[in-house]
Amino acid sequence: MNAAVLVFPGINRERDMARTLRIVSGRSPAMVWHAETSLPPRTDLVVIPGGFSYGDYLRCGAIAARSPIMEAVRKFSADGGLVLGVCNGFQILCESGLLPGVLMRNAQLKFICREVYLRVERSDTPFTRGYNAGQVVRVPVAHGEGNYIADGETIARLESEGRVIFRYASPDGMIDPNWNHNGAINAIAGIVNEKGNVLGMMPHPENHVEDAVGPTDGRGLFAGLADHLAKAA
Amino acid sequence: MKARVTVTLKTGILDPQGKAIEGALRSLGVEGITSVRQGKVFDIELESADPARAEALLRQAADKLLANTVIENYRVDVMK
């Protein structure tokens, strides 16, 4: 795995992400500053971590989405390269147009920092091959704007094309408004683009990979990616 | 030349901030308000003195950055 983690001013989860990538794949990622105009050679995974890029000025992710490195990410993804955006990374992907829709203020108006349960909708993607479809995983969230919304036509397309990858669920995998902590439409926690090579998700799988921390349900995502990339290489 | 771009949420998009302000106004005893929607105002100064060019430029700015047209509308006003 030759991962590149993008670093924007105001991002604060890049070291968690780098640590996880190193632990799971055995290789430290390249840290790429937002002002760069190209990705390191042989990059096979771009990760946009969480945080508060540009202090969430204007709209979450809006300024970062227009930074120089994002042009390189756009090309990389057009060529089929894998891109993972977590939390602010998901917001940046939506603002850049690489993913549809937008992440609005949580319905309850509160910043939510807690563990949630996600139902993995598909296991046949490079991001979720480490899981089984229907499996429930426990991972943390920490966001104020995670309430996913798009126009009705886009939502219908996402659903009919099977592009919703993670949904907020109860511990036994039921979709229930009581477990949809931010009010996202259809309990959407993570989606992929049309080609399936760009994933955006609000929860933080990178924080649940080490026994010392607690659950290790996040490991499957990174282990699956590492396995996918090893086979592709 | 001066101009103003006003960005507002599209109809039907939930505006929790507007709702919170609405509730706060009610609790302050400000009567007669039926709804509040929060938006953004950008006051912009331009090099150009040509209103048509200014408007085109500001539309570009709004489409590219100032508004997220998935959820927001915008209005451009060039001050004479």
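So the protein lines, in turn, are chains S and U.
For the first sequence, the positions run 760 to 992 when our numbering is used.
For the second sequence, the positions run 1089 to 1168 when our numbering is used.
C-beta atoms are modelled at their ideal positions from N, C-alpha and C, and glycine is treated no differently.
In this structure, the CA atom of E1133 (chain U) is about 42 Å from the CA atom of K954 (chain S). Identification of chain U residues near G860 (chain S) by a Cβ-Cβ cut-off of 7 Å yields V1158, ordered along the chain. According to DSSP, residue pairing for D1131 (chain U) in a beta bridge involves U:R1092. Within chain S, not a single residue places a beta-carbon under 9 Å from that of L1146 (chain U); the smallest gap is close to 16 Å. Sequence-distant partners of V832 (chain S) (beyond 5 residues in either direction) whose C-beta falls short of 7 Å from its own C-beta, in its chain, are V805 and V842. If only uninterrupted beta strand (DSSP E) runs of at least 3 residues are considered, those enclosed by the stretch 909-984 of chain S are 923-928, 947-951 and 957-960. Counting only Cβ-Cβ distances below 8 Å, E854 (chain S) has contacts in chain U at N1156, in chain order. Contact between M961 (chain S) and F849 (chain S) holds: CB atoms are separated by about 6 Å, below the 8 Å threshold.
Judged by DSSP in its simplified three-state form, G814 (chain S) adopts helix. Straight-line spacing of the CA atoms in F925 (chain S) and D931 (chain S) works out to 14 Å.
In the structure shown, A1155 (chain U) falls within a coil segment according to DSSP collapsed to helix, strand and coil. If you ignore the 5 residues before and after A892 (chain S), its C-beta comes within less than 7 Å of the C-beta of V879, E880, R881 and S882, all in its own chain and listed in chain order. Listed along chain U are L1153 and N1156, each with a C-beta nearer than 8 Å to that of A821 (chain S).
For A948 (chain S), the closest Cβ of chain U is not nearer than 8 Å.
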